[in-house]
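**Q**
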Amino acid sequence: MSDDGRLGLVGAASIALGGMIGGGVFAVLGVVAQIAGAAAWLSFSGACLVSAAAAYSYLRLNDLSDRRGGSVTQIQAFTGNGAVAGVVGWTLLFGYLGAIAMYAFAFGSFAVELLGTTHPLARPVASVVGIGLFVGLNVLGTRASGISETALVAVKLLVLLVFGLWGFYYGNRTGSLDFGLGRLTSVGPYYALAVSFVSFQGWQLLMYDQEAIANPREILPKAIYLSIAVTVVVDGLIAIVVTSLAPTEVILQNPETALAVAAEPFMGQVGFTLVSAAAIFSTGSAVNGTLFSAAYFTKGMIGDGLFPDAVGRAGTDGVPTRTVVVLGTVAAGFAAVGSLQGITSFGSLAFMAVFGAMSYLAFRERDGYVSTLVPAVGVVGTSILFPVLLYHLATNEPGTFTTVVLAAVAVVSLELLYFERETIRDGFHAVEERIES
Numbered sequence: 002m003s004d005d006g007r008l009g010l011v012g013a014a015s016i017a018l019g020g021m022i023g024g025g026v027f028a029v030l031g032v033v034a035q036i037a038g039a040a041a042w043l044s045f046s047g048a049c050l051v052s053a054a055a056a057y058s059y060l061r062l063n064d065l066s067d068r069r070g071g072s073v074t075q076i077q078a079f080t081g082n083g084a085v086a087g088v089v090g091w092t093l094l095f096g097y098l099g100a101i102a103m104y105a106f107a108f109g110s111f112a113v114e115l116l117g118t119t120h121p122l123a124r125p126v127a128s129v130v131g132i133g134l135f136v137g138l139n140v141l142g143t144r145a146s147g148i149s150e151t152a153l154v155a156v157k158l159l160v161l162l163v164f165g166l167w168g169f170y171y172g173n174r175t176g177s178l179d180f181g182l183g184r185l186t187s188v189g190p191y192y193a194l195a196v197s198f199v200s201f202q203g204w205q206l207l208m209y210d211q212e213a214i215a216n217p218r219e220i221l222p223k224a225i226y227l228s229i230a231v232t233v234v235v236d237g238l239i240a241i242v243v244t245s246l247a248p249t250e251v252i253l254q255n256p257e258t259a260l261a262v263a264a265e266p267f268m269g270q271v272g273f274t275l276v277s278a279a280a281i282f283s284t285g286s287a288v289n290g291t292l293f294s295a296a297y298f299t300k301g302m303i304g305d306g307l308f309p310d311a312v313g314r315a316g317t318d319g320v321p322t323r324t325v326v327v328l329g330t331v332a333a334g335f336a337a338v339g340s341l342q343g344i345t346s347f348g349s350l351a352f353m354a355v356f357g358a359m360s361y362l363a364f365r366e367r368d369g370y371v372s373t374l375v376p377a378v379g380v381v382g383t384s385i386l387f388p389v390l391l392y393h394l395a396t397n398e399p400g401t402f403t404t405v406v407l408a409a410v411a412v413v414s415l416e417l418l419y420f421e422r423e424t425i426r427d428g429f430h431a432v433e434e435r436i437e438s
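Numbering follows our numbering, in which position 195 of the sequence shown is assigned residue number 196; successive positions increment by one, without gaps.
Below, the structure is given as structure tokens:
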């Protein structure tokens, strides 16, 4: 942290890592392993590549623009179309809500495992209580500082590296390691790549915290690329260990807590407890950080007239209480009634749409080989992964597919109603005038 209290490289990277580690290893790993098997680490690597291309696009647009910020700011700056920026903003916000619900789902699952209860309502209740706790903390103005977030991420990384390296050594010694290269000829790893996309969006939070970063033009790119690189290495290592050591039937039955289950063969009950506790802290931290950033993001949209002011007041100092409560309530509803597969898929689709749009915008502003190729990877990658995920859900998870499609239709309908409200209101007035005449 700098002398003026702003975040340095380590602090900024830690904030991004907090969300991505919470999303990848502790929340999505089991779902990805279910689909890709031992090739899960390759699915994470592919998703990381597309996300990194999107990160480059965000950073390039920030360098070209007179305004620094995320997707809504840059779309307004480069297209001058507030409605399009608003639609993207709404989509991104619902992606954040899906991510919060995903973290809370994992939070509840690990909490239930530690408590040893099997009651069917235990997981939903624990997830809702977890979100409620962090809503309260945000309302009170409590948020991990750069120093505390760095310490928390350091502890999580230490636990994961001990687990990963110890597990890799154990698997190598017993001949259990499986890298899943033979599965690349099947469709599973590619479906899993699309599902895991949501776990690589945590770096985007830094785009909205640039004022809190010392010298953002220099530190922001380094922090984002560093966090993505560390995440893909950690995710890959843990994925190899879990899919090699945890029986397939255990992963299928307990996708939410597969990481803790995989620790038992070589770390015993202590390892199971340690990993579960680390998961609770990690997913809780991810809920808190994402909720905080989503609330500020919503506050900015309200101030720009892109979101109804009934959700909060843009002029409020700090985090708007009403906004935090509304966002927390919606996310809690997702976490309570949704499946992990459904929540993860919804979040991935939302972020694919937004990241694809930003990559396309950066591609339009290309002026050289790198500025052409990298955004093109983001555009092509998201354009392929979006229908691939929908096809996977439609053919393998029809119930989840229906839920995700209905949720997407509801979100798009709300967006259209909000941004076309003036046209609709004028239409009603015209009808009333004709009736009266």
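No residue lacks a Cβ here, since even glycine has one placed at the ideal position from N, Cα and C. Quantities reported herein were computed from a predicted structural model and do not represent experimental measurements.
Which one or two residues does DSSP pair with residue 8 in a beta bridge?
**A** The residue given as residue 8 occupies position 7 in the sequence shown. 214, per the DSSP bridge assignment.
**Q** In the DSSP assignment, find the alpha helix (DSSP H) that holds residue 109 and state where it starts and stops.
**A** Along the sequence shown, one-based indexing puts residue 109 at 108. Its alpha helix (DSSP H) spans residues 83 to 116.
**Q** Take the Cβ of residue 414 as the centre, count every other Cβ of all protein chains shown within 10 Å, and call the residue buried at 16 or more, exposed below.
**A** Counting from one through the sequence shown, the residue named residue 414 turns up at place 413. Exposed is the call here.
**Q** What number of angstroms, rounded off, separates the C-alpha of residue 229 from the C-alpha of residue 197?
**A** What you label residue 229 is simply residue 228 of the sequence shown in a count that begins at 1. What you label residue 197 is simply residue 196 of the sequence shown in a count that begins at 1. When rounded, the distance between both Cα atoms is 14 angstroms.
**Q** State the Cα-Cα distance for the pair residue 154 and residue 11, rounded to the nearest angstrom.
**A** The count along the sequence shown starts at 1 and reaches residue 154 at position 153. The count along the sequence shown starts at 1 and reaches residue 11 at position 10. Residue 154 and residue 11: Cα-Cα distance of roughly 10 angstroms.
**Q** So, is residue 120 buried or exposed, given that buried needs 16 or more other C-beta atoms within 10 angstroms?
**A** Position 119 of the sequence shown, counting from 1, holds the residue named residue 120. Looking at its Cβ environment, which holds fewer than 16 other Cβ atoms inside 10 Å, residue 120 is exposed.
**Q** Restricting to Cα atoms, I'd like to know which of 168, 36, 128 is closest to residue 273.
**A** Mapped onto the sequence shown, residue 273 falls at position 272. Minimum Cα distance to residue 273 is reached at 168.
**Q** Considering Cα atoms alone, identify which of 254, 371, 384 is closest to residue 356.
**A** Counting from one through the sequence shown, the residue named residue 356 turns up at place 355. The shortest Cα separation from residue 356 among 254, 371, 384 belongs to 384.
**Q** Output needed for residue 86: all residues of its chain with C-beta closer than 6 angstroms, excluding positions within five of it in sequence on either side, in chain order.
**A** Taking the sequence shown and counting its residues from 1, one reaches residue 86 at position 85. Only 73, 76, 77 meet the Cβ criterion.
**Q** Hey, would you say residue 45 sits closer than 8 angstroms to residue 243, going by beta carbons?
**A** As a first step, residue 45 must be located in the sequence shown, where it is residue number 44. As a first step, residue 243 must be located in the sequence shown, where it is residue number 242. Not closer than 8 angstroms, so no.
**Q** Contact between the stretch 45 to 56 and the stretch 257 to 264: three or more CB pairs below 8 angstroms?
**A** Short answer: they don't touch.
**Q** Residue 191 to residue 311, Cα distance in whole Å?
**A** Counting from one through the sequence shown, the residue named residue 191 turns up at place 190. Counting from one through the sequence shown, the residue named residue 311 turns up at place 310. Going by the C-alpha atoms only, they are around 41 angstroms apart.
**Q** Taking buried to mean at least 16 other C-beta atoms within 10 Å of its own C-beta, is residue 433 buried or exposed?
**A** Reading the sequence shown from its first residue, position 432 is the one you call residue 433. Its pLDDT being 46, under 50, residue 433 is placed unreliably in this model, and the coordinates cannot settle the point.
**Q** Whose CA, out of 96, 59, 171, lies closest to the CA of residue 344?
**A** Position 343 of the sequence shown, counting from 1, holds the residue named residue 344. Measuring from the Cα of residue 344, the nearest candidate turns out to be 96.
**Q** Exposed or buried, what is residue 270 when buried is set at 16 or more other beta-carbons lying within 10 Å of its beta-carbon?
**A** Within the sequence shown, residue 270 is the residue found at index 269, counting from 1. Looking at its Cβ environment, which holds fewer than 16 other Cβ atoms inside 10 Å, residue 270 is exposed.
**Q** Assuming residue 209 and residue 297 form a contact by the criterion Cβ under 8 angstroms, report the distance between their Cβ atoms to the nearest whole angstrom.
**A** Here residue 209 corresponds to residue number 208 of the sequence shown, with the count starting at 1. Here residue 297 corresponds to residue number 296 of the sequence shown, with the count starting at 1. Contact holds; Cβ gap of about 6 angstroms.
**Q** Considering only their Cβ atoms, is the gap separating residue 398 from residue 342 smaller than 8 angstroms?
**A** Counting from 1 along the sequence shown, the entry for residue 342 is found at position 341. Counting from 1 along the sequence shown, the entry for residue 398 is found at position 397. Closer than 8 angstroms, so yes.
**Q** Could you give the first and the last residue of the continuous alpha helix (DSSP H) run that contains residue 199?
**A** The sequence position of residue 199 within the sequence shown is 198, counting from 1. Neither: residue 199 is in no alpha helix (DSSP H) and is coded neither H nor E.
**Q** What is the rounded straight-line gap between the Cα of residue 247 and the Cα of residue 409?
**A** The residue labelled residue 247 in the question sits at position 246 within the sequence shown. The residue labelled residue 409 in the question sits at position 408 within the sequence shown. Their backbone Cα atoms lie some 35 angstroms apart in a straight line.
**Q** Enumerate in chain order the residues of its own chain whose CB-to-CB distance from residue 249 is below 8 angstroms, with the five nearest sequence positions on each side excluded.
**A** By one-based count along the sequence shown, residue 249 stands at place 248. Cβ neighbours of residue 249 beyond the five flanking positions: 38.
**Q** Taking just the CA atoms, how far does residue 166 sit from residue 173?
**A** Walking along the sequence shown from the start, residue 173 turns up at place 172. Walking along the sequence shown from the start, residue 166 turns up at place 165. Cα-Cα distance, rounded: 10 angstroms.
**Q** Does the beta-carbon distance from residue 299 to residue 328 come in below 8 angstroms?
**A** The sequence position of residue 299 within the sequence shown is 298, counting from 1. The sequence position of residue 328 within the sequence shown is 327, counting from 1. Yes, these two residues count as a Cβ contact at 8 angstroms.
**Q** Report all residues from its chain with a CB closer than 6 angstroms to the CB of residue 378; omit the five preceding and five following residues, and keep chain order.
**A** Numbered from 1 along the sequence shown, position 377 holds the residue referred to as residue 378. Closer than 6 angstroms at Cβ, skipping near neighbours: 54.
**Q** For a test of the three-state rule: what should DSSP assign to residue 188, helix, strand or coil?
**A** Indexing the sequence shown from 1 puts residue 188 at position 187. It is coil, neither helix nor strand.
**Q** Which same chain residues end up closer than 7 angstroms to residue 89 when comparing Cβ atoms and leaving out the 5 residues on each side of it in sequence?
**A** Your numbering for residue 89 matches position 88 in the sequence shown. Excluding positions up to five away in sequence, the list reads 72, 73, 76, 355, 358.
**Q** Use the C-beta contact count for residue 289: other C-beta atoms within 10 angstroms, 16 or more gives buried, fewer gives exposed.
**A** In the sequence shown, residue 289 corresponds to position 288, counting from 1. So residue 289 ends up on the buried side.
**Q** Quick one, which of 375, 211, 395, 240 has its alpha-carbon nearest residue 68's?
**A** Here residue 68 refers to the residue found at position 67 when the sequence shown is read from its first residue. Among 375, 211, 395, 240, the Cα nearest to that of residue 68 is on 211.
**Q** Please go through the stretch 8 to 35 and give each complete alpha helix (DSSP H) segment of 4 or more residues, from N-terminal end onward.
**A** If we require 4 residues or more, the alpha helix (DSSP H) runs fully inside the stretch 8 to 35 come out as 10 to 24.
**Q** Identify whether residue 119 lies in helix, strand or coil by the three-state DSSP scheme.
**A** The count along the sequence shown starts at 1 and reaches residue 119 at position 118. Three-state result, residue 119: coil.
**Q** Just tell me which of 141, 129, 52 has its CA closest to the CA of residue 386.
**A** As a position in the sequence shown, residue 386 is number 385, starting the count at 1. Looking at the Cα atoms, 52 is the closest of the given residues.
**Q** What are the start and end residues of the alpha helix (DSSP H) that includes residue 42?
**A** Position 41 of the sequence shown holds residue 42. Run containing residue 42: 41 to 65, per the alpha helix (DSSP H) assignment.
**Q** Our contact map puts residue 17 next to residue 207 with C-beta atoms below 8 angstroms; I'd like the distance itself, whole angstroms only.
**A** Indexing the sequence shown from 1 puts residue 17 at position 16. Indexing the sequence shown from 1 puts residue 207 at position 206. Indeed, because the Cβ distance is near 6 angstroms, the residues count as touching under 8 angstroms.
**Q** Return yes when the Cβ of residue 405 is within less than 8 angstroms of the Cβ of residue 394, no when it is not.
**A** Start at 1 with the first residue of the sequence shown, and residue 394 comes out as number 393. Start at 1 with the first residue of the sequence shown, and residue 405 comes out as number 404. Yes; because the gap between Cβ atoms is below 8 angstroms, this pair is in contact.
**Q** Do you know offhand how far residue 412's Cα is from residue 93's?
**A** Here residue 412 refers to the residue found at position 411 of the sequence shown. Here residue 93 refers to the residue found at position 92 of the sequence shown. Spanning the two alpha carbons is a distance of roughly 11 angstroms.
**Q** Just to check my reading of the structure: residue 100 and residue 113 have Cβ atoms closer than 8 angstroms, yes? What is that Cβ distance to the nearest angstrom?
**A** Counting from 1 along the sequence shown, the entry for residue 100 is found at position 99. Counting from 1 along the sequence shown, the entry for residue 113 is found at position 112. Not confirmed; about 21 angstroms, so no contact.
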